[in-house]
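Participant:
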Amino acid sequence: MYRILEKQELAPAIKMMIVEAPNAARKARAGQFVIVRVDEPGERIPLTIADHDPQRGTITLILQEVGKTTMQMGALEVGDSLATVAGPLGHPTEIEDYGTVVCVGGGVGIAPIYPIARDLRRAGNRVISIIGARSHDLLFWEDRMRSVSNELIVCTDDGTYGRPGLVTEPLRELLEANPGGIARVWAVGPAIMMKFVSRTTEPFGVPTTVSLNTVMIDGTGMCGGCRVMSGGAAQFVCVDGPEFDGWLVDWDLLLSRLQYYRPQEQEAVEHWNRGCRIKEVPA
Amino acid sequence: MPRVSPTRTPMAEQAAEDRIRNFDEVPFGYTAEEAMIEAQRCLLCKRPTCIDGCPVHINIVGFLELAAKGDFRSAINLIKESDALPAITGRVCPQETQCEQVCVMGRKYQPVAIGRVERFLADWEASQGDMPVPELAPPSGKKVAVVGSGPAGLTVAADLARLGHGVTIFEALHEAGGVLVYGIPEFRLPKAIVRREVDYVRSLGAELVKDFVVGQTATLDELLEDYQAVFLGSGAGLPWFLDIPGENLSGVYSANEYLTRSNLMKAYLFPQYDTPIARGRRVITIGGGNVAMDACRTALRLGAEESIVVYRRSREEMPARAEEIDRAEEEGIQFMYLTTPLAIHGDEHGQVKELECLRNELGEPDASGRRRPVAIKGSEFRIPADIVIMAIGQSPSPLIPKTTADLETKKDGVVVIDEATGKTSKRGVFAGGDVATGGATVILAMGQGRTAAAAIDEYLKTGAW
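Sequences listed follow chains A and B, in order. Okay, so the first sequence: first residue is 16 according to this note's numbering, each after it adds one. Okay, so the second sequence: first residue is 1172 according to this note's numbering, each after it adds one.
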């Protein structure tokens, strides 16, 4: 069992947990993920490792409550435990001194972009970060991102904070203003955001790495449920990724595969909500 | 020659029309009386052939003789000297091509139903309460890491623990058993039985560490810093696809994924269990092995109106056990033989709609000795389907070889071993089971595990490689 040592609400329905997982913490690197299962009947879901502390034997997970499993996990408190934390899984980010790099984090993707930006900065890169959220109240870790970035641009879709609009706008401006000056771009966020970040960078020829989040079960290359097409070849996100060349990913296939279990996801949420209500009825 | 019944004692089972609506085990198993009657059919050959037919060399004549007298305790103890998992092997071994194939009774009559008696004895023992722990050798002070808790790993762990070595089993998933829990369905091997056998191995002193992915959580070399030897029994977990158009449409599953969802994650109990699985009306399984039989029969139990197997050769060439094919036929699975899939077509939502196929005829035998399917020109046709399951094989996961510099593998990822010892190219590392064969049976994995355990014991004592 993997005990929750700290819990913090970062934004409505976005929670941070520091979890005791010494095996995963010992080897974790930026860009890697773990498979989490909340309890015995639980499903296995991938969550990116947002931070890790090998001395303390902990990893930091950020979750957005979008489905039954994340809602149930979000309802856990300090002292409660997760049934499974397996990892670290996937390849770590290839950290080198590339020169000037841009790190784009959207929504809950700000959490996984943070260790990538931090390690790129430590490796000597000049890091420009762009983070975005739908609205100001959904934005988190601005301070953390500022602490690891030479420059930070904050956007909100609805204009309630920072620059109004999508993250691709300031990205395009940066690329236009610095021809040949930006070595690489990393983007982590909703699939649709990563798709448009990749579309934005491609005409400028700036290599772009995205971190894909697909349906997974084992996370070790055993089921193939996470497969995507990249450069015309089928790849497993869990063992070949999770990072891919954003220009090569077949985004439409990825987006359609993400939709497949929507009806069951809905049913699971309804089942969970019914269960919660039953528990609230006094005996 | 004693007077014996020419036919084996039948084993009661769920009727096909009932069992396709549940995941309960198909056969009910022998009663004590039936087991004794069947065991009494054994001729007690002076030079028995059955023992050599068994990959782990169970003293079959010996246990049948004891069972025939009703001494079930001694009979099961005798089995467990060679086989730590009799409830499992009694169920999933292909006895018809092993011990029962060479049974002398089979020359004239039906062979003794060795597997059924074995299964009865294991279940009888479990019904008696706590399983007795055999005497263990004094602690050797040596530590062995076992990678994977499938049939090979459990066998090695049991053998080495009995010899007094400290054993730690590293399992990537959240439940021990490997293919026994993620691959083989409940209706063929109840998971409670796997748990019971795993508990038995742990009762011998083997420690189990779950959620530990060797190759990721720690490399093989890191394990060798803490353990004097490593047994690699990580199985063949990498699913194959056909590389035909449309394979990434929603609704196309590897058999591994489909079975893992249903077996390990209990998706058949959704939403009581969280993991979903698509419940198709028309499900097509591609392949002809035991995994394909498990997948098509699972689809039926998940409510498919039609569950169809598409196989490129004919029934005679199917690699699945005859018993599994018979059961699938009884349950109403449709078989489309001599049919090769060409492409999967989808609808506007990217979901499976049709499987396009080509008809074959049988040509000359190929390298495997089976007659090669030859396509009939212009015979393309389409079958409507909403789920397609790829059950065409698997190979070992590259995770461990990729992170271990000096572990020799063949080009299909199969780890190279010395057959007599299970030694790999890397000092201190032994391997067995599907990781070393590419995919075989539970009992062959256990046989290789036994061989490797003896060699590991020798290596720990002498240090000689």
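All C-beta atoms, glycine included, are put in the ideal place defined by N, C-alpha and C.
1) What in chain A is Cβ-close to B/Asn1419, meaning under 9 Å?
2) In chain order, what residues of the same chain have a beta carbon less than 8 Å from the beta carbon of B/Arg1192, not counting five sequence neighbours either side?
3) Taking the CB atoms as reference points, tell me whether A/Val100 and A/Val212 lie closer together than 7 Å.
4) Quick one: Cα of A/Glu258 to Cα of A/Tyr276, how far?
5) Going by DSSP in three states, B/Ile1504 sits in which element: helix, strand or coil?
6) How would you label A/Phe155, buried or exposed, when you count the other beta carbons within 10 angstroms and need 16 or more for buried?
7) Check whether the Cβ atoms of B/Phe1441 and B/Met1561 lie closer than 7 Å to each other.
8) Shorter than 7 Å from the beta carbon of B/Glu1519 to some beta carbon of chain A?
9) With DSSP as the reference, please indicate the residues paired to A/Trp201 in a beta bridge.
10) What alpha helix (DSSP H) runs, 4 residues minimum, are completely inside the stretch 1224 to 1254 of chain B?
11) Name, in chain order, the residues that DSSP records as bridge partners for A/Cys170.
12) Is it buried or exposed, B/Phe1341, if we count other Cβ atoms within 10 angstroms and call 16 or more buried?
13) What are the residues of the stretch 47 to 58 of chain A that lie near chain B, defined by any Cβ-Cβ distance shorter than 7 Å?
14) Closer than 8 Å, Cβ to any Cβ of chain A: which residues of the stretch 1316 to 1346 of chain B, in chain order?
15) Note down, in chain order, all residues in the stretch 1519 to 1552 of chain B with a beta-carbon under 8 Å from any beta-carbon belonging to chain A.
16) Residues of chain A with CB under 7 Å from B/Ser1311, in chain order?
17) Just the Cα atoms here: how many angstroms apart are B/Gln1565 and B/Lys1597?
18) Assign A/Arg133 to buried or exposed, taking buried as 16 or more other Cβ atoms, counted over all protein chains shown, within 10 Å of its Cβ.
19) Quick check: the Cα distance between B/Gly1312 and B/Thr1339, rounded to an integer number of angstroms?
20) In chain B, what lies closer than 7 Å to A/Leu91 by C-beta?
21) Locate the alpha helix (DSSP H) running through B/Lys1314, then write down its first and last residues.
22) For B/Thr1622, which residues in the same chain have their Cβ closer than 6 Å to its Cβ, ignoring the five residues on either side in sequence?
23) Does B/Ala1616 get closer than 7 Å to chain A when you measure Cβ to Cβ?
24) Can you check whether the C-beta of B/Thr1580 is within less than 7 Å of a C-beta belonging to chain A?
25) Once the 5 residues before and after A/Glu35 are set aside, which same chain residues still bring their CB inside 7 Å of it?
26) Of the residues A/Ile125, A/Met160, A/Ala126, A/Gly239, which one's Cα is nearest the Cα of A/Val142?
27) Taking beta-carbon pairs under 7 Å, can you tell me which members of the stretch 79 to 110 of chain A lie near chain B?
28) List, in order along the chain, the chain A residues whose C-beta lies closer than 9 Å to that of B/Gly1408?
29) Just to confirm, are B/Gln1406 and B/Gly1349 a CB contact at a threshold of 7 Å?
30) Our contact map puts B/Val1275 next to B/Leu1235 with C-beta atoms below 8 Å; I'd like the distance itself, whole angstroms only.
31) Quick check: what's the CA-CA separation for A/Arg5 versus A/Asp68?
32) Per DSSP, which residues does A/Thr73 bridge with? Please list them.
33) Within the 7 Å Cβ cut-off, does A/Val296 reach chain B?
34) Determine the contact status of A/Thr223 and A/Thr216, defining contact as a CB-CB distance below 7 Å.
35) Which one or two residues does DSSP pair with B/Ile1457 in a beta bridge?
36) Once the 5 residues before and after A/Arg52 are set aside, which same chain residues still bring their CB inside 6 Å of it?
Facilitator: Answer, in terms of the structure:
1) Arg242, Val243, Met244, Ala249, Asp265, Leu268, Arg272
2) Arg1472
3) no
4) 23 Å
5) coil
6) buried
7) no
8) no
9) A/Cys118, A/Thr224
10) 1231 to 1239, 1243 to 1251
11) A/Gly147, A/Arg178
12) buried
13) Arg52, Pro56, Gly57, Glu58
14) Ala1343, Leu1344, His1345
15) His1520, Gly1521, Gln1522
16) None at all; the shortest Cβ gap to chain A is about 26 Å.
17) 24 Å
18) buried
19) 13 Å
20) The contacting residues do not exist; A/Leu91 stays about 15 Å from chain B at best.
21) Taken as a continuous stretch (DSSP letters only), B/Lys1314 belongs to no alpha helix (DSSP H), being part of the beta strand (DSSP E) at 1314 to 1318.
22) Gly1593
23) no
24) no
25) Tyr17, Arg18, Leu20, Gly72, Thr73
26) A/Met160
27) Lys83, Thr84, Ala98, Thr99, Val100, Ala101, Gly102, Pro103, Leu104
28) Asp233, Thr235, Gly236, Met237, Cys238
29) The question names Gln, but residue 1406 of chain B is Gly in the sequence shown. It is a contact, given that the beta carbons lie within the stated cut-off.
30) 12 Å between Cβ atoms; not a contact.
31) With chain A running from 16 to 298 in the structure shown, residue 5 of chain A is simply not present.
32) A/Glu35, A/Asp68
33) In this prediction, A/Val296 scores a pLDDT of 47, lower than 50, which makes its location untrustworthy; the coordinate-derived value is nonetheless stated afterwards. Chain B, which has no Cβ nearer than 7 Å to the Cβ of A/Val296, makes this no.
34) yes
35) B/Val1481, B/Met1561
36) Arg59, Ala98, Thr99
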